[in-house]
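If you read the sequence shown in this note's numbering, its first letter stands for residue 914, the second for the next number, and so on. Built from N, CA and C at the ideal position, the CB exists for glycine as well. Since we're looking at a predicted model, the values are computed, not measured.
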Amino acid sequence: MRYDDFRRSDDIDDRRDDSGGGLGGGGMGLPMGGGGLGIGTIIVLGIVGYALGIDPRILIGGAEILTGGGSGQGQVQTDRRPGTVKKGAPTDEMGSMISGILGEIDDRWTEIFQAAGQTYTGPRIVLFRNVTNGGRCGMAQSAMGPFYCPPDRQIFLDTGFFREVETRFHGCQGSACKFTAAYIIAHEAGHHVQNLLGILPKVTARQQAAGSKAAANALQVRVELQADCLSGVWVNHEAKKRPGFIEPGDIDGALATASAIGDDTLQRQTTGRVVPDSFTHGSAEQRKRWFMTGYQQGTLKACDTFGAASL
């Protein structure tokens, strides 16, 4: 992927040099007891996190924890004191690349929204190492993978995740890894687009009324596949704006990563069996299909996973 001429975004909070992880002096704790997260759930969060998406705790019914609702039992306690944060476009190679990807994502989605008579305001990206204050989404940890926090409209990203993609998933090699990073960030920005369009709150309401975990999971799969498709829409528009930014092997690398983080692939690797009712992000083939749908058609209409009879 060629990104030298990408516009660098200043909507970056860089906490990678913060030895305290952006937690302040007191840090924060995972909820304990009374509906809190047990060790089994934490393991599941790690697995889901590698699949990319919205803050994984939302997937296990953590809405009250994240918004401060309910009786307060089991809530995440957050120390709001600021840590070391550098704002603006980073100057190191990794940070500059991420800033450039975000700048181009914002520019293309601004154009798409304007064409539809709407206004687009981009998300912020929080870069960190190991652990940081995730605002209204609690604690952000490396094991969770990149995620989007809807209440704060922020993407949390431990840059070590891209190295993990290369070593754990073998999803890319050489320059194609840069495009894979763009696919991942564009997927998270896809969740932001869903948030701006009011899709996420509507899905949350439908999940609460679903009546079963399997039904709620099925809705979440449609959310995630739509984000994959929206990632493809951005690539489509970026390729038209900057011909040649995609290099040989880039699309194959992104598809290999999509396959590696499919629910069926992850379940098979971690448990030896596949349970479709527990899917929250979609199978390897579904993830590849919807990214390519967005990439080939380049329209929001093409990404209507909720209206699709078959995924």
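Coarse secondary structure for residue i, derived from DSSP in three states
i: ALA1118; result: helix
i: THR1206; result: helix
i: GLN1060; result: One detail in the question is off: residue 1060 reads as Phe in this sequence, not Gln. PHE1060: strand per DSSP, three-state reduction.
i: MET914; result: coil
i: PHE1092; result: helix
i: GLN1031; result: coil
i: ILE1159; result: coil
i: ASP1217; result: coil
i: GLY1103; result: helix
i: THR1212; result: coil
i: GLY1195; result: coil
i: GLY1166; result: helix
i: LEU1109; result: helix
i: ARG921; result: coil
i: ASP931; result: coil
i: ARG1066; result: coil
i: LEU950; result: Here LEU950 scores only 28 on pLDDT, less than 50, and its place in the model should not be relied on; the value that follows carries that caveat. LEU950 falls in the coil class under three-state DSSP.
Rounded Cβ spacing between residue i and residue j (contact assumed at less than 8 Å)
i: VAL1039; j: ILE1068; result: 7 Å
i: ALA1099; j: ILE1018; result: 6 Å
i: GLY1207; j: SER1144; result: 6 Å
i: VAL1146; j: CYS1216; result: 7 Å
i: GLY1035; j: ASP924; result: 6 Å
i: ALA1152; j: TYR1096; result: Their Cβ separation, rounded to whole angstroms, is 13 Å, which puts ALA1152 and TYR1096 out of contact at 8 Å.
i: GLN899; j: THR1218; result: Residue 899 falls outside the range modelled here, since the chain spans only 914 to 1224, and no answer is possible.
Straight-line Cα distance separating residue j from residue i
i: ARG1037; j: ALA1128; result: 31 Å
i: ASP1249; j: PRO1059; result: Shown here, the chain extends from 914 to 1224; a query on residue 1249 therefore has no answer.
i: HIS1105; j: TYR1033; result: 10 Å
i: ALA1094; j: GLU1101; result: 11 Å
i: PRO1003; j: PHE1041; result: 12 Å
i: ASP1071; j: GLY1030; result: 35 Å
i: ASP930; j: MET914; result: 27 Å
i: GLU1024; j: ARG920; result: 15 Å
i: GLY1162; j: LYS1091; result: 11 Å
i: GLY1157; j: ASP927; result: 30 Å
i: ARG1049; j: CYS1062; result: 8 Å
i: ARG1015; j: LEU1132; result: First, the residue type needs correcting, since residue 1015 is Leu and not Arg in the sequence shown. Roughly 27 Å between the two C-alpha positions.
i: ASP917; j: GLN1120; result: 42 Å
i: GLU1198; j: THR1045; result: 33 Å
i: THR1170; j: MET1052; result: 26 Å
i: GLU922; j: GLU1006; result: Checking the displayed sequence, the identity of residue 922 turns out to be Ser instead of Glu. Distance between the alpha carbons of SER922 and GLU1006 is about 14 Å.
i: VAL1148; j: THR997; result: 33 Å
i: GLY1008; j: GLY1073; result: 12 Å
i: ILE1112; j: ARG1200; result: 19 Å
i: ALA1222; j: GLY1001; result: 43 Å
i: PRO1114; j: PRO1064; result: 10 Å
i: ASN1108; j: ARG1021; result: 17 Å
i: PRO944; j: SER1196; result: Legend: pLDDT at PRO944 = 29, less than 50; position of this residue unreliable, no value from coordinates given.
i: ARG1202; j: VAL1134; result: 13 Å
i: GLN1210; j: ALA1122; result: 33 Å
i: ALA1028; j: ILE1164; result: 27 Å
i: LEU1224; j: PHE1204; result: 12 Å
i: LYS1214; j: MET1057; result: 30 Å
i: ASN1130; j: LYS1154; result: 36 Å
i: PHE1026; j: GLY1220; result: 21 Å
Opposing strand residues paired with residue i [DSSP bridges]
i: LYS1000; result: ASP926
i: ASP1071; result: PHE1041
i: ALA1053; result: THR1045
Run of the alpha helix (DSSP H) containing residue i, from where it starts to where it stops
i: ALA1127; result: 1126 to 1154
Terminal residues of the beta strand (DSSP E) in which residue i lies
i: GLN1027; result: Here GLN1027 belongs to no beta strand (DSSP E); instead the alpha helix (DSSP H) covers 1006 to 1028.
The ligand NAP heavy atom lying under 7 Å from the CB of residue i
i: ASN1043; result: This structure does not include the ligand NAP; it has no bound ligands of any sort.
Residue-level contact to chain D via CB, residue i, 8 Å cutoff
i: PHE919; result: In the displayed structure, chain D is absent; only one protein chain is listed.
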